[in-house]
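*Asks:* Numbering (the working numbering), first residue to last: -4 to 180. Note that beta-carbon positions come from the ideal geometry of N, C-alpha and C, so glycine has one too.
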Amino acid sequence: MVSAGDFKNGLTLEIDGQVMQVLEFQHVKPGKGAAFVRTKLKNVINGGVVEKTFRPTEKFPAARIDRKTYQYLYNDGDLYYFMDPESFEQTMVNKDTIGDSMKFVKENEEVKLDSYNGEVFTVEPPLFVELEISETEPGFAGNTAQGATKPATVETGAQIQVPLFVNIGDKVKIDTRTGEYLSRV
């Protein structure tokens, strides 16, 4: 059990049946009345952020979030399949849980699965991936005024913006957090 007076940034707790992570906290001691703790909490399952205040003596159970590396195998439409590289056990994750996080991930790449009480709630792709351009228009000379870009499709089917000099078949490095082109490989 963790008391509100011992909150730290990044601490994960179970509050009112929800798994919450402390984003910010502030101990407030008003001139009149009792002290309290003002917090900004993020629901780690659905991503919602709320602000709450607590008495410093209130206690909450710590929530244990498991982050484990898995290998992405394949998807069959609604389910994505992952394998634990140590035990070779397969885990299935629903498409709704994954959202857009897998749009830059190829088969056999490693990802991190975050779970609470054995239930996966998010998939973290690698920060940077190298993918091949499968479709893009040719760049035209003279179109290079201020770092001009053009749309391109990578081998996983995701759309990104690339500089005009990038062609079909080029391998590019992409930041998966922003979907931004970084460099040619």
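(1) If you draw a straight line from the C-alpha of G94 to the C-alpha of T151, how long is it?
(2) Based on the DSSP secondary-structure assignment, which residues constitute the bridge partners of F55?
(3) Ignore the nearest five residues each way along the sequence and tell me which others in I10's own chain have a CB closer than 6 Å to its CB.
(4) Three-state secondary structure (DSSP) at T7?
(5) With which residues is N158 paired in a DSSP beta bridge?
(6) Assuming contact is defined by CB atoms lying nearer than 9 Å, are V88 and T171 in contact in what I supplied?
(7) Where does I186 fall in DSSP's three states?
(8) If I measure Cβ to Cβ from G134 and keep anything under 7 Å in the same chain, skipping five residues before and after, which residues do I get?
(9) Hey, would you say A153 sits closer than 9 Å to T131, going by beta carbons?
(10) Measure from the alpha carbon of N41 to the alpha carbon of each residue in S110, M(-4), D165, then state which is nearest.
(11) Given this structure, state the Cα-to-Cα distance separating V115 from V157, to the nearest angstrom.
(12) Hey, out of Q85, V(-3), K37, whose CA is closest to L74's CA?
(13) What are the boundary residues of the beta strand (DSSP E) that E62 is part of?
(14) Is the number of C-beta pairs between the region -4 to 15 and the region 46 to 55 that are closer than 8 Å three or more?
(15) Whose C-beta lies closer than 8 Å to the C-beta of L177 among residues of the same chain, with five residues either side of it excluded?
*Replies:* This is what the structure gives:
(1) 15 Å
(2) V(-3)
(3) F55
(4) strand
(5) According to the sequence provided, residue 158 is Pro. The question's Asn does not apply to it. In DSSP, P158 forms a bridge with T144.
(6) no
(7) The displayed coordinates of the chain run from -4 to 180. Any statement about residue 186 would go beyond what the structure contains.
(8) K145, L159, F160
(9) no
(10) S110
(11) 33 Å
(12) Q85
(13) Rather than Glu, the amino acid found at residue 62 in this sequence is Arg. It spans 60 to 70 - the beta strand (DSSP E) in which R62 sits, taken as one unbroken run.
(14) yes
(15) F123, V167, K168, I169, D170
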